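*Asks:*
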Amino acid sequence: DSGVTQTPKHLITATGQRVTLRCSPRSGDLSVYWYQQSLDQGLQFLIQYYNGEERAKGNILERFSAQQFPDLHSELNLSSLELGDSALYFCASSVGGAAANTGELFFGEGSRLTVL
Amino acid sequence: ILNVEQSPQSLHVQEGDSTNFTCSFPSSNFYALHWYRWETAKSPEALFVMTLNGDEKKKGRISATLNTKEGYSYLYIKGSQPEDSATYLCASRSYNFNKFYFGSGTKLNVKP
């Protein structure tokens, strides 16, 4: 158990809809990362938050947005869903910040989104 | 975007064989190189984090080396066992700490 909790584990929805994926980081971790894994693809970095602020953006579509709340949990919002958005979405947390010498990521079990 | 590349894409070996994979990454703005082990139906778990040129890390039968000047890292598994079957991911962390870019992984299958 990595200590990172993601909900829901599975989600099936229709094109055009909007969903919210939730992530609770490990206790004490300030950084949250979101990754997307589509079929036969590697982990694509979407976005990172540190202590409530956006710190880095990767290949995140404009239809997607995220935020990190004061209690450090994070939500990834996916809107106007398309078939191609079907993927496994991982959240990972780390201590974060300049003091994080190792900075290894601890991954949740992922949220599998299926868009029909 | 950091282009992190791993080879081979997949590998099939017999139990007892030793094997190695390669991860290449841009050497500019490099901060750290991570290796993760990802078993089917589970989430990736960290194996090693390396930062210094020439770093070598070892955990049981698995070891890794790092060359930051030429931008590559090797992961070695000595005497592969069926339980080593997994996808091995490397990730390069940029100097501003925040961006972790993963390679597409090497899928290892160890046959008993």
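Listed in order, the protein sequences are those of chains A and B. Sequential numbering from 1 applies to the first sequence in this note's numbering. Sequential numbering from 1 applies to the second sequence in this note's numbering. By construction, the Cβ of each residue, glycine as well, lies at the ideal position given by its N, Cα and C atoms. Please read these numbers as outputs of a predicted model, since none were measured by experiment.
Can you tell me whether Ile47 of chain A is buried or exposed? The criterion is at least 16 other CB atoms within 10 Å of its CB, across all chains shown.
*Replies:* On the first sequence, position 47 is the one that residue 47 of chain A refers to. So Ile47 of chain A counts as buried.
*Asks:* Is the distance from the Cβ of Arg93 of chain B to the Cβ of Tyr31 of chain B below 7 Å?
*Replies:* Your numbering for residue 93 of chain B matches position 93 in the second sequence. Your numbering for residue 31 of chain B matches position 31 in the second sequence. Cβ atoms of Arg93 of chain B and Tyr31 of chain B: closer than 7 Å.
*Asks:* If we count Cβ pairs, one from each stretch, closer than 8 Å, do we get three or more for the region 81–94 of chain A versus the region 8–18 of chain A?
*Replies:* With a cut-off of 8 Å on Cβ pairs, the region 81–94 of chain A is in contact with the region 8–18 of chain A, counting three or more such pairs.
*Asks:* Looking at the C-beta of Gly42 of chain A, does it have a partner C-beta in chain B at a distance below 7 Å?
*Replies:* If you number the first sequence from 1, residue 42 of chain A lands on position 42. Yes, contact with chain B.
*Asks:* State the Cα-Cα distance for the pair Gln6 of chain A and Glu5 of chain B, rounded to the nearest angstrom.
*Replies:* Reading the first sequence from its first residue, position 6 is the one you call residue 6 of chain A. Reading the second sequence from its first residue, position 5 is the one you call residue 5 of chain B. Taking the straight line joining both Cα atoms gives about 28 Å.
*Asks:* Cα-Cα, which of B:Gly60, B:Asn67, B:Cys90 is closest to Phe102 of chain B?
*Replies:* Start at 1 with the first residue of the second sequence, and residue 102 of chain B comes out as number 102. Nearest C-alpha to Phe102 of chain B: B:Cys90.
*Asks:* Could you tell me the alpha carbon to alpha carbon distance between Lys59 of chain B and Ser31 of chain A, rounded to whole angstroms?
*Replies:* As a first step, residue 59 of chain B is located in the second sequence; it is residue number 59 there, counting from the start. As a first step, residue 31 of chain A is located in the first sequence; it is residue number 31 there, counting from the start. The alpha-carbon atoms of Lys59 of chain B and Ser31 of chain A are separated by roughly 26 Å.
*Asks:* Would DSSP call Glu45 of chain B helix, strand or coil?
*Replies:* Translated into positions along the second sequence, residue 45 of chain B becomes position 45. Correct three-state label for Glu45 of chain B: strand.
*Asks:* Tell me Arg93 of chain B's beta-bridge partners as DSSP assigns them.
*Replies:* One-based indexing of the second sequence puts residue 93 of chain B at position 93. Among the bridge pairs identified by DSSP, Arg93 of chain B is matched with B:Ala32, B:Phe100.
*Asks:* So, using beta-carbon positions, are Val110 of chain B and Ser63 of chain B closer together than 7 Å?
*Replies:* Along the second sequence, read from residue 1 onward, the residue named residue 110 of chain B stands at position 110. Along the second sequence, read from residue 1 onward, the residue named residue 63 of chain B stands at position 63. It is not a contact, given that the beta carbons lie outside the stated cut-off.
*Asks:* Express the C-alpha separation of Leu33 of chain B and Gln41 of chain A in angstroms, rounding to a whole number.
*Replies:* By one-based count along the first sequence, residue 41 of chain A stands at place 41. By one-based count along the second sequence, residue 33 of chain B stands at place 33. The C-alpha of Leu33 of chain B is placed about 20 Å away from the C-alpha of Gln41 of chain A.
*Asks:* Write down the C-beta distance between Ser27 of chain B and Glu70 of chain B rounded to the nearest angstrom, noting that I regard them as a contact closer than 8 Å.
*Replies:* Position 27 of the second sequence, counted from the first residue, corresponds to residue 27 of chain B. Position 70 of the second sequence, counted from the first residue, corresponds to residue 70 of chain B. That belief holds up - the Cβ atoms of Ser27 of chain B and Glu70 of chain B are roughly 7 Å apart, short of 8 Å.
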